[in-house]
Every structure is written in structure tokens, then in C-alpha cells.
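One structure below.
Number of protein chains: 2
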Amino acid sequence: MRTNIRSTGRDATFTETARRSQIVECAIETVCEFGYAGASLSRVAERAGISKGVITYHFASKAEILEEAVAVVFARGAEFAMRSGAFTGDSEPHDALRGYLESNLAYIAAHPREINAVVEITRGHRDADGRQVFGTAWEEREVLGLLEEIFREGQRLGHFRDFSPRVMAVAVRRVIDGFSFQVLAHPDTDVAAYTAEVVAMFEHATRAGTA
Amino acid sequence: MRTNIRSTGRDATFTETARRSQIVECAIETVCEFGYAGASLSRVAERAGISKGVITYHFASKAEILEEAVAVVFARGAEFAMRSGAFTGDSEPHDALRGYLESNLAYIAAHPREINAVVEITRGHRDADGRQVFGTAWEEREVLGLLEEIFREGQRLGHFRDFSPRVMAVAVRRVIDGFSFQVLAHPDTDVAAYTAEVVAMFEHATRAGTA
DNA sequence: GCGTTCTCTAGACGGTCGTACTAATATGTG
DNA sequence: CACATATTAGTACGACCGTCTAGAGAACGC
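Protein sequences, first through last, are from chains X and W. If you number the first sequence the way my numbering does, the last residue is 211 and the count never jumps. If you number the second sequence the way my numbering does, the last residue is 211 and the count never jumps.
Structure, rendered in C-alpha cells:
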């Protein structure tokens, strides 16, 4: 009987850690290149230069790879935002929004392929019943909450005009997520200029006192 | 030898017209329900209550169905916008933008499933080489051009502030396209309120004289 | 009525999918 | 060294994919 490595109590081997990481990276690249529908385990294995059996050995299922890929990229983005210090959480709302936009767009500009892959996976990945794994409920919980909080705080302080935090949060995320397409389609995009445009746009869209 | 119906010079039969339309509708529904990756011809045929062969008979390939679906929905949306009169083309830029937003969101609210399917198809559909059929070039040509024109005209008249028409156009489209998810996830969404929020947001984001 | 064309069902085709299994090799420990 | 375990390539499996074909039924001009 096959030993499910993840369920045994032992520590992960050096090889296992490296392989899992390699496979996840190759899965991200493959999804970016061929899309969610075209990212088969055969193509992932081919890119990694290993046999398909290695993937089956280190992961229980294809879904586990994709879900780990999403988690890994999310963790990297959060770590990047933390490290950049652009978004400390206790900033004044205008600065918080600006920091959120700048750190997100900067990360995407530096790693457009993995963001594109994550967008593909979160959009396309479904369980056996056809339901989205990363559906609206997941997005509202994991992604939109923080933004809405910024907006509510800004409105409480009177820095932001009176708009729906939910609608604005969704708009911000859609614009941010779309940036990976822009960077991939036009690698020569002026990131600083694009970022300034987006920041200015949402500053005008949110600030109070001009209505 | 099988006769490729579309390439013969004869007129389309009553049956052919009806079948093609039915198959396209079922494909839209299937894509909406199972996503691009999960929308197989078997499922389309099952939904239509016909055998898979009928699809092959009326369409040369699966790609032809998907591409016709996109074209059909686009045509309906354009017809809706035309009929609603919200967007006449020679309006003052502020009104043009408002009309664009309102007619788009109204159509999506009325037909969220077909818009969702089109978004799925345009994002996921690739040719044999793995290249997106409805890629960035297509979007810029078919979708963004009109918006950019509105923005440029508004800037020329001094009604809009000085922003990048391209960035703003992309933002508008992302927000509009995302509305189908909102309506599908929350069917009880207050469409009028949501529309007013989006209109207000882009009016603040674009208008001159407050910077 | 007959004959032609249109339309459909049913099934087969080659291919790829995700997964499971086997047997061989690598690795590391006593 | 022997031995156990970790890791690998290779292959086989059943399921489903998109496409194709043979032949039966339906529709319709004559």
C-alpha cells in the first residue's frame, strides 16, 4: 500500500521539501503559460524534467498542488507587503490605501506570472461537484475584508466620502488583479506611471470634500 | 464525405438556425455552470437533450461554438445599449461614461449567466498553440477603444482631469466584468444602488477641477 | 409515389487526462 | 557491509475528451 507522506507523522525530508517546492513552481509556470484548463500534470512533469509518478508520489492530488500554489503566492505577497513597510495597518486611511495599491502593484510587476497563475486557478479551480474552490465567499473572507476595513475607517474619520466599502473594495481588487495581464501583455509597461495612475484614480474616487 | 454545411453556398435551413442557436445557448449555460475547463461537448449535448453528433453536424469544431457564443452575446449587449438609448455616442463625455456604465451594468444584471460565460471563454479559450484567442490585442481593439475615446474627448473639452485613458478604460472594464460574479453570487444585489455606486466612483475618478 | 437532401442516433476512434501500481534505484543508518 | 526506507521511472488503467463515420429516420421537391 502506498504511503501517503503528508499523513505520516515524520518530518519532511530534504528531498520532499525541494520536490514539492519545485513541482509547485512548475505548476505555476505551466498554468501561466497554458491556462488553468491546459495545465496538465504531464506538462508540469515535463517542465520539471521528472516523470509524472514523482508528482503523484509527493502530492495526493492535482488539487493539492494548485491549492498549495495559491497559498504559497499569497504568503509571498503578504511577506512582500510586510517587508516593504508600505502598509503597516495603523496608517492614516489615505496612506493605507496608497500603500495597499503600491505594494500590490509592485509585487505584481515583479512577479506577474505567478499572479496570473493564481488568478487563473482561483477563477477556474472547481471541486468534483463543479463548485468553485476559491469562490466569492473565499474572496470576501481572504481578500476584501482588509480593504473594506480601510474604507470604513476612512469614512469614520471623515477622510473618505460616503460610498459602499464593498463596491469600492471589489473595484480595487479587480483593477489590481488585472494588472498582471497588462504586465504580461506589455512587458515594457512603465510600472511607476501605471501605479501613479491607479493611486490617483482611487484617491479621487474615495476622498471626501469635493462632492 | 461529410458536407461542411457552413462552407456550402446554400441558405441555412430553419432547423439549422434553430439548432445552432440552441447549442450556443446550452454552451453558454454549461460554461457558466462548469467553467470553461468543465464545459465539454458531452455536457452541452446532455443539456440540450441531443446526441453529441448533432453538435458535430452543425459546428465544425468546439472552438466555433465558443467563438459564436462570444459574438452572439456581444451583439446582444450592443443591441441592448443601442435600444436603451443610454449611449448615443455624441453625448457630453460625462453622460457618455454614465450611459456606458449604466447600460453595461443593466445588461449584466439582466443576463449575468451569459456575461459570466463570455468572461470565462475570453479568459480561458486558447488555440492549438496555447495562445489566447481573445487576448489583450482583441480586448484593446473590441472593448477598450470606445472607452478611451470617451475619455480623450472629455479631456479635450476639459471636463475630465488629466489621467491615462488606457488605464482608466481598463479599470472600467474590470469593474464592469466583475459585476457578473457579484450578481451570480448574490442574486439579491440591489442593482440600482450598485450601479449608482459605480457611476459615482468613476465620476469622482475622472472629473476635473478638484485636484 | 420516389429520390434526394437534411438531420439525427449510436458508436468507434485515437488521444490525453488524473491516478494507481510495480519494480528498480538512491539514500542513509546500524 | 546489510538492511530499511525514500525516491524514482515507467507503465497500466478507466474515464472522458473532441472528432468522425455509418446508417437510419425525417422532410420535401418532383
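Every residue gets a Cβ at the ideal spot worked out from N, C-alpha and C, and that includes glycine. Predicted, not measured: the structure shown is a model, and the values here were computed from it.
Query	Result
I want to see whether chain X comes within less than 8 Å of Thr136(W), judged by CB atoms only; does it?	yes
In the DSSP assignment, find the unbroken alpha helix (DSSP H) run with His125(W) in it and report its ends.	Neither: His125(W) is in no alpha helix (DSSP H) and is coded neither H nor E.
Would you decide whether Arg19(X) is buried or exposed? Buried here means 16 or more other CB atoms lie within 10 Å of its CB.	buried
Specify the secondary structure class of Phe34(W) as computed by DSSP and reduced to three states.	helix
Can you find a C-beta in chain W that's less than 8 Å from the C-beta of Tyr57(X)?	no
Express the C-alpha separation of Arg43(W) and Met1(W) in angstroms, rounding to a whole number.	Since pLDDT at Met1(W) reaches only 30, below the 50 mark, its modelled position is unreliable, and the value read off the structure follows with that caveat. Looking at the two C-alpha atoms, the distance is approximately 27 Å.
Is the segment 181 to 197 of chain W touching the segment 125 to 145 of chain W in the sense that three or more CB pairs, one from each, lie closer than 8 Å?	no
List the residues of chain W whose Cβ lies closer than 7 Å to the Cβ of Ser164(X), in chain order.	Glu197
Return helix, strand or coil for Phe163(X), following the three-state DSSP convention.	coil
For Phe160(W), I'd like the list of residues in its chain whose CB is within less than 7 Å of its CB, leaving aside the five on either flank, ordered along the chain.	Pro93, Phe151, Gly154, Thr206, Arg207 and Ala208
Between the segment 102 to 111 of chain W and the segment 132 to 142 of chain W, do three or more beta carbon pairs fall short of 8 Å?	no
State the DSSP-derived secondary structure class of Arg43(X), mapped to helix, strand or coil.	helix
Ignore the nearest five residues each way along the sequence and tell me which others in Leu101(X)'s own chain have a CB closer than 8 Å to its CB.	Val172, Ile176, Thr195, Val198, Val199 and Phe202
Here's a check: name, in chain order, each residue in its chain whose Cβ is nearer than 7 Å to the Cβ of Asp162(W), leaving out the five neighbours to either side.	Gln155
Give me the subset of the segment 30 to 41 of chain W whose CB atoms are less than 9 Å from a CB atom of chain X, sorted by chain position.	Glu33, Phe34, Gly35, Tyr36, Ala37 and Gly38
Where does Arg98(W) fall in DSSP's three states?	helix
Which residue from Arg174(X), Phe34(X), Glu114(X) and Ser91(X) puts its Cα closest to that of Leu157(X)?	Ser91(X)
Let's see if you can read the secondary structure: which residues bound the alpha helix (DSSP H) around Ile50(W)?	From DSSP, Ile50(W) is part of no alpha helix (DSSP H); its letter is neither H nor E.
Go to Thr195(W), then tell me how far its alpha helix (DSSP H) extends in each direction, as first and last residue.	Val191 to Thr206
Got a sec? Which residues, its chain only, sit under 7 Å from Ile65(X) by beta carbon, not counting five neighbours each side?	Ile23, Val24, Ala27 and Phe59
Using the beta-carbon count (16 or more within 10 Å), is Ala128(W) buried or exposed?	exposed
Checking the sheet assignment: what are the DSSP bridge partners for Gln132(X)?	Arg126(X)
Could you check whether Val118(W) and Val70(W) sit closer than 8 Å to each other, using their CB atoms as the reference points?	yes
So which residues of chain W does Arg98(X) contact, with C-beta pairs closer than 7 Å?	Correct list: empty, because the minimum Cβ distance to chain W is about 15 Å.
Anyone know if the C-beta pair for Gly38(X) and Gly38(W) falls short of 8 Å?	no
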